[in-house]
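For any residue, its number in this note's numbering is found by taking its place in the first sequence, counting from 1, and adding 643. So the structure is just underneath, and the comments pick up after that.
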Amino acid sequence: MRHWLIKSEPDVFSIDDLEAVGREPWDGIRNYQARNFMRDDMEAGDLAIFYHSNAKPPGAVGVARVVGDAYPDPSQFDRKSKYYDAKSDPDAPRWLLRDFEFVLKFPAIVPLADLKAEKALEGMQVTQRGVRLSIMPVEPGHFRKVCAMAGVKAPKG
DNA sequence: GCCAACGTTGGC
DNA sequence: GCCAACGTTGGC
Numbered sequence: 644m645r646h647w648l649i650k651s652e653p654d655v656f657s658i659d660d661l662e663a664v665g666r667e668p669w670d671g672i673r674n675y676q677a678r679n680f681m682r683d684d685m686e687a688g689d690l691a692i693f694y695h696s697n698a699k700p701p702g703a704v705g706v707a708r709v710v711g712d713a714y715p716d717p718s719q720f721d722r723k724s725k726y727y728d729a730k731s732d733p734d735a736p737r738w739l740l741r742d743f744e745f746v747l748k749f750p751a752i753v754p755l756a757d758l759k760a761e762k763a764l765e766g767m768q769v770t771q772r773g774v775r776l777s778i779m780p781v782e783p784g785h786f787r788k789v790c791a792m793a794g795v796k797a798p799k800g
């Protein structure tokens, strides 16, 4: 099983929103690297740290799980969507996504500043300057460490 | 709101 | 296929 980190702006879709709906298609990803992770490298059951970006403070707020297989992001064909992509061919969709389900919410946010300050998380991508991917892989040890910092037991895949 | 960093686009 | 211009991300 692999581990991931998924970013979301809480004003748009927060960990509380995921808890409320239970399961959510991760639509609107328009970056090829992030798409490739979802399409090629994720498997059902993989766990992801849910991260709030553009928040005060930004940081890790919970855990989600990959559900099911990759499939075309419907918003790319929706003319009214801000994610509409006129260049995507319905016969060969450019953007694929996965669904994520709620696993747990941390008792309190683990702020980015704390992640950066933690020696054991050295090299974790989200703490590195200039890394703007909205989906990125996380090492198993880093995943467990973030859960420990949050005061929760790392869930099993 | 600023701006550094990075990805994408498009002219050539 | 280079690279300048532009748009976006996201911390601060």
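Cβ coordinates follow ideal geometry from the N, Cα and C atoms, glycine included.
Asked                                                                                                                                                                  : Found
Using the three-state DSSP reduction, which class does Arg787 fall into: helix, strand or coil?                                                                        : helix
Rounded to whole angstroms, what's the CA-CA distance from Pro701 to Gly800? Just pull it up for me.                                                                   : 25 Å
Do Ala703 and Phe749 come within 8 Å of each other at the CB atom, strictly closer than that value?                                                                    : yes
Opposite Lys723 in the DSSP bridges: which residues?                                                                                                                   : For Lys723, which the question treats as bridged, DSSP gives no partner whatsoever.
When you compare each of Glu782, Arg775, Ile649, Pro754 to Glu765 by their alpha carbons, which one comes out closest?                                                 : Glu782
For Phe879, collect the residues of the same chain with a Cβ closer than 6 Å to its Cβ; drop the 5 residues on either side in sequence, then sort them by chain order. : This structure does not reach residue 879, given that the chain is present from 644 up to 800, and the question cannot be answered.
Between His695 and Pro754, what straight-line distance do the alpha-carbon atoms span, to the nearest angstrom?                                                        : 9 Å
Which residues does DSSP list as the beta-bridge partners of Glu667?                                                                                                   : Phe743
What does DSSP give as the partner residues of Met681 in its beta bridges?                                                                                             : In DSSP, Met681 forms no bridge with anything.
Which residue comes first and which comes last in the alpha helix (DSSP H) that contains Ala691?                                                                       : From DSSP, Ala691 is part of no alpha helix (DSSP H) but of the beta strand (DSSP E) over 690-695.
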